[in-house]
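Read through the structure below, which is laid out as structure tokens, and then see the notes.
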Amino acid sequence: MDIRSTLFLCCLFFLNISLSQDLIIIESSEYAIVLKKDSLKRLQHVYFGSKASNLNEYRSIDKQLRYEVKDAADLPNHVYTPSGTWNTSEPALQILHSDGNPSTELEYKQHIKKNLGDGVSLLTVTLVDPIYKTEVLLFYKVYHEENVFEQWSTIKNNEVQAIELKKYASANLYFRNNDFFLTQYHGAWGSEMQPETHLLTSGIKVLDSKLGTRSNLYAPPNFILSLDGIAKEDTGKVLLASLAWSGNYRFDFEKDRFNNLRLIAGANNFAAEYKLGANQIFETPHFIYTYSEKGKNQASINMQRWSRKYRIHEGEGDRLTLLNNWEATHFNFNEKKIVALIDQAKEIGIDVFLLDDGWFGNKYPRNNDRAGLGDWEVNQNKLPNGLSNLTKKANKRGVKFGIWIEPEMVNPKSELYENHLDWVIRQPNRKEYYYRNQLVLDLSNPEVQNHVFGVFDNLFIENSNISFVKWDANSIIYNAYSEYLARNKLPQSHLYYEYVKGLYKVLERVREKYPKVPIMLCSGGGGRVDYGALQYFTEFWPSDNTNALDRIFMHWEYSHFYPAIAMSSHVTNWNKESSIKFRVDVASIGKLGFDIEIDKLSEEEKEFCKQALLNYKSLQKSIWHGDMYRLQDPYENPIASIQYVNQEKTSSVVFSFLISQRFQTFYSNEPILFKGLDPKKIYEIEEINLFHREITEINQEATYSGEYLMKFGFNPIVTDKRKSVVLKINEITL
Ligand code: DGJ
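For this note's numbering, add 617 to where a residue sits in the sequence shown, where the first one is 1.
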């Protein structure tokens, strides 16, 4: 191509104009999605993959495709497949129009691209039904450097009367390939994020949740899709995706007759038809994905960088190390015990003490999980001097004070339930069913939204020195029925959607008034972890299972989607048989905290924790703000290894853990190949977190080039005597 046409194409690109009205190109720094209008004004997906160096090349991709088969009208690769006309596949959109007609056609009308600054652009495509004038906007937000795409849609009813949305996807993608492997996750309380990988065969595979509030418990709203064989850490084509939605979701993977894959992602339409009034607009949740042709690790780095920069609340900020009393005391505490724990936090250098469940309820004291939830006054027996006395005592000792709440839920044995039965999600004419002895409040009701916001707000009004909040949500939704929707003659099928919208309205208000307070997203363990909620939270609780060995596996899986700065990891007594060093080392791979009685530790153990906390602080640039590399898989190796590298590549840390207890797997015979360093820089290696008088087996005098460490590797010498090894790698300037 000559210089003039190159300049012309560059101009088109920067002016955000497409090559022709028929072609829409959506590009990040490395990848592209290409859409093209056909003769029936249907917008088709024609390409998904690495970018072309010459924009002109995208023009003729569709000429090679043969989806319009003779004597058949259907099309597999529509950008937002409607239903009731030519479509015979799983639809993205299904509407019952006001006259009872179930068919929708979508014709391309226009598109506009906007540069939003800060490396972000937004493409809006308008599609319209030629008969019913339903207007669908498809949004494609591109985070250029991170290669992350965010997609959602809005549906506008332009009829005179209400229509019913029966299916309303966020995104509808099309992948052309030979084979597709899906890694999906399942779990239960204490065993969240269990991966399963399998080949997608023809037909439809559906992943979904119907739990209402905490989908991550059984099936997280995330998946990994490998194109062309199962992707490895550093090789393979892989899509890593997540629905930013804290409620029911649904992913359809349809392997079609061309052996290609249709992906439809969005809120679950199960029991959730949405009645949309004239001129009203419905907005879907946002679907977030990144793509890499360099394997899973690069995809995770993309996602983690994106979430720190653009999504997680204060994702590029700092965090507090924390001591929680839940595992140490459960409901059984009083002021004296709490002050003793605050003293212990102070003794080893922890930033904040967090008072967990059990501090409230008087008529129905919260002494177990069967009563008191919803009654947010301080329990007079346990804490006669109130919370402010505790905050004062903590602050006097130089420790910040945090508190646990679960404002969306209620025990039937509570004053809240007695006084506001109509606020509770329950069937009026059926038996109640409980999850952890509690019920969910109806956040579709604005009065309930005010109440939930008030629980948070009042704490701060009454105790100005609260510095941290843990927001729990233990119950799923049974008996989905809203008294509020019934009273307002709105369909019950709106409840699942309006619950989540109501929750976000509350969290929006919380963040408007309290932008700086760190808030942990907790849900009976890792029940609610998603990028919808995480825009309001600084961190999440991955699981109530804090067994260090299990947490290595969980962290490994969560790390595909979420960065370490957001993953609270606490040292507890769940597996007391592991040494305190092993437990602290494992907790240090995330956002370090403790949930034990520190005064039950020996002097050596306390000394170790103190030093480990200082070491952790010195590693924050790598662990919190750096890139993570999964070096050795715990599922496949007796030794697991994880590395963090700061953005400047001057400092790094490698954590290695003995996973297997089997004879002769105790020794790391082979070096581990480090990653992410600068091949030209020279580094020294120091072993940190050594317990008491332990002498390192590492030669700390030697220096290594980044190239050496990445090409030949380094042996951390993990053995049955050295079950966890933490290596700090620093650049030395000669
Ligand atoms: C479930 C949480 O995951 C725990 O950490 C703890 O806060 C309990 N709830 C309290 O009831």
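Idealized CB from N, CA, C, for every residue including glycine.
Would you say residue i touches the ligand DGJ, meaning its beta carbon is less than 7 angstroms from a heavy atom?
i: residue 943; result: yes
i: residue 1091; result: yes
i: residue 1021; result: yes
i: residue 1161; result: yes
i: residue 1142; result: yes
i: residue 1139; result: yes
i: residue 1088; result: no
i: residue 1158; result: yes
i: residue 1059; result: no
i: residue 973; result: yes
i: residue 1167; result: no
i: residue 1250; result: no
i: residue 986; result: yes
Give the straight-line distance between the Cα atoms of residue i and residue j, rounded to the nearest whole angstrom.
i: residue 1188; j: residue 745; result: 55 angstroms
i: residue 812; j: residue 839; result: 11 angstroms
i: residue 703; j: residue 723; result: 11 angstroms
i: residue 1228; j: residue 1312; result: 15 angstroms
i: residue 1060; j: residue 1201; result: 39 angstroms
i: residue 782; j: residue 821; result: 22 angstroms
i: residue 715; j: residue 772; result: 15 angstroms
i: residue 579; j: residue 1242; result: Residue 579 lies beyond the range of the chain shown here (618 to 1351); nothing can be said about it.
i: residue 729; j: residue 779; result: 28 angstroms
i: residue 640; j: residue 727; result: 11 angstroms
i: residue 791; j: residue 1198; result: 48 angstroms
i: residue 1295; j: residue 1324; result: 7 angstroms
i: residue 762; j: residue 1151; result: 21 angstroms
i: residue 1046; j: residue 998; result: 37 angstroms
i: residue 877; j: residue 865; result: 26 angstroms
i: residue 905; j: residue 917; result: 13 angstroms
i: residue 1338; j: residue 1304; result: 15 angstroms
i: residue 954; j: residue 1065; result: 34 angstroms
i: residue 919; j: residue 1037; result: 46 angstroms
i: residue 756; j: residue 731; result: 11 angstroms
i: residue 1082; j: residue 1018; result: 7 angstroms
i: residue 748; j: residue 1118; result: 31 angstroms
i: residue 1085; j: residue 777; result: 49 angstroms
i: residue 853; j: residue 908; result: 10 angstroms
i: residue 1111; j: residue 889; result: 6 angstroms
i: residue 1015; j: residue 963; result: 7 angstroms
i: residue 1138; j: residue 662; result: 37 angstroms
Count the other C-beta atoms from every protein chain shown that fall within 10 angstroms of the C-beta of residue i, then say buried if there are 16 or more, exposed otherwise.
i: residue 623; result: Since pLDDT at residue 623 reaches only 48, below the 50 mark, its modelled position is unreliable, and the value read off the structure follows with that caveat. So residue 623 ends up on the exposed side.
i: residue 1129; result: exposed
i: residue 1143; result: buried
i: residue 1043; result: buried
i: residue 689; result: exposed
i: residue 936; result: buried
i: residue 949; result: exposed
i: residue 578; result: There is simply no residue 578 to check, as the chain begins at 618 and stops at 1351 in what is shown.
i: residue 712; result: buried
i: residue 1141; result: buried
i: residue 1249; result: buried
Does the distance from the C-beta atom of residue i to that of residue j stay below 8 angstroms?
i: residue 830; j: residue 1145; result: yes
i: residue 1277; j: residue 1255; result: yes
i: residue 1028; j: residue 988; result: yes
i: residue 1259; j: residue 1302; result: no
i: residue 940; j: residue 1210; result: yes
i: residue 1371; j: residue 881; result: An answer regarding residue 1371 cannot be provided, because it is not within the stretch 618 to 1351 covered by the chain.
i: residue 768; j: residue 947; result: no
i: residue 938; j: residue 1231; result: no
i: residue 1265; j: residue 1208; result: no
i: residue 835; j: residue 805; result: yes
i: residue 1344; j: residue 1299; result: no
i: residue 1356; j: residue 809; result: It is not possible to answer for residue 1356, since the shown part of the chain is limited to 618 through 1351.
i: residue 1179; j: residue 930; result: no
i: residue 824; j: residue 801; result: yes
i: residue 1092; j: residue 871; result: no
i: residue 996; j: residue 970; result: no
i: residue 1195; j: residue 1274; result: no
i: residue 674; j: residue 764; result: no
Does the beta carbon of residue i sit closer than 8 angstroms to a beta carbon anywhere in chain C?
i: residue 977; result: Any reference to chain C falls outside this structure, which holds one protein chain only.
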